[in-house]
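Structure first, commentary second.
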Amino acid sequence: QIIQSYGGIIYSLIGLSIVSNKQDEIYPLFQISSEHFEKYLTILKSYPQIKLDLIEISNSPMNIVHLFFDGEQLNFECYQSTAPKIQIKKLFDKIPEDTNFLINMISGFEIEFEDLKFIRKNFTGKIYFDFHTLTRGINEEGKRVYRPIKNWKEWVSLCDVFQLNEIERENLTEENLSEIEFAKEALQTDCKIVNITKGSKGATTYFKENDDFKSISAEPEKNLIFKSNVGCGDIFGAVFSYNYFRNEKIETCLKEAVRISSQRIEVEKVEFIINHFRSK
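So the sequence shown is numbered by this note's numbering: it starts at 11 and just counts up by one.
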């Protein structure tokens, strides 16, 4: 069965739409073709908190990805095309200094390390960073392949919170670190929170409290009916970051992110996710 759908940033925006208030202002920052912009608009137009000012309508290629599943399991993915990187420095004057940033590396090429340094230096808000596909390169066949990032600690040190799934975490470093060893290494930088998502097992959050290393885990509710898990991690990051930006307790951020992102699996088509949560 072949299914065409939207991915990546649309799930982040849906996650933010589910939990945000009408007085919030959410500014997506990405490039999109005019054809796809109209389709995005039909999904998001009922949410006045989503502002379109920073979206660039472009003739450049978009991220087109082929995902190959065996049941619930993603076997591999390959890229037909990738979008150009975001020109954050050109938009500097349009973004308030106290803006909070949710950065989701959908293709892994949205921003470079120097761009993240620029954001950290020039804005006072918090940064939530989902490493996502930054952990993978592209081989000559367009297939995404994991490879370590030598300066991963430098990336991490510029974030307040960062997110990886279990496989991304295992492949990020050259060293063979356990999950706890990895989290401890990361929290020795200026990073405050490490989120490891674990699919049907939920997620674990690592953090420091009065210099003590701590962790909290949360599991999804039972008996959910599986239809699709595409975008669960994106929704998790959106919900956690929104509550973190509002200074909610870490445990609250985690439990809400796991609850909402796990319920996403009960909806097959992206267009119906928001209505699914409205009906609850």
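Every residue gets a Cβ at the ideal spot worked out from N, C-alpha and C, and that includes glycine.
| Going by alpha carbons, who is nearest to asparagine 205 out of Asp222, Tyr21, Glu176 and Gly147? | Glu176
| request: Locate the alpha helix (DSSP H) running through valine 29, then write down its first and last residues. | output: From DSSP, the alpha helix (DSSP H) with valine 29 extends over 19 to 29.
| message | If you follow the beta strand (DSSP E) that aspartate 222 is in, where does it begin and where does it stop? | response | 222 to 228
| tyrosine 156 classed as buried or exposed, judged by whether at least 16 other C-beta atoms fall within 10 angstroms | By the neighbour-count rule (16 or more Cβ atoms within 10 Å), tyrosine 156 is not buried but exposed.
| field | Residue span of the beta strand (DSSP E) that contains threonine 143, given as start and end | value | Per DSSP, threonine 143 belongs to no beta strand (DSSP E) and is neither H nor E.
| message | For histidine 46, tell me which candidate among Lys61, Ile20, Asp63 and Ile60 has the shortest Cα-Cα distance. | response | Ile20
| said: Let me make sure I understand the geometry here. Which of Asp34, Thr145 and Val240 has the alpha-carbon closest to that of valine 277? | reply: Each of Asp34, Thr145 and Val240 was checked against the Cα of valine 277, and the nearest Cα belongs to Val240.
| field | Exposure of arginine 274, with buried meaning 16 or more beta-carbon neighbours within 10 Å | value | With 16 or more other Cβ atoms within 10 Å, it is buried.
| field | C-alpha distance - proline 230 paired with glycine 209, whole-angstrom precision | value | 9 Å
| query | Looking at leucine 112 and serine 238, is the spacing between their C-beta atoms short of 8 Å? | reply | Contact flag unset, no.
| message | Using a Cβ-Cβ cutoff of less than 7 Å, which residues in the same chain neighbour glutamate 189 once the five nearest sequence positions on both sides are dropped? | response | Arg179 and Ile206
| Where do the ends of the beta strand (DSSP E) carrying glutamine 198 lie? | No beta strand (DSSP E) contains glutamine 198, which DSSP labels as neither H nor E.
| said: Can you tell me whether leucine 51 is buried or exposed? The criterion is at least 16 other CB atoms within 10 Å of its CB, across all chains shown. | reply: exposed
| request: Between the Cα of proline 106 and those of Phe123, Ile96 and Gly135, spot the shortest distance and give me the residue it belongs to. | output: Gly135
| query | Counting only runs that start and end within the segment 111 to 160, where is the alpha helix (DSSP H) found for 4 or more residues in a row? | reply | Whole alpha helix (DSSP H) segments, 4+ residues: 123 to 132.
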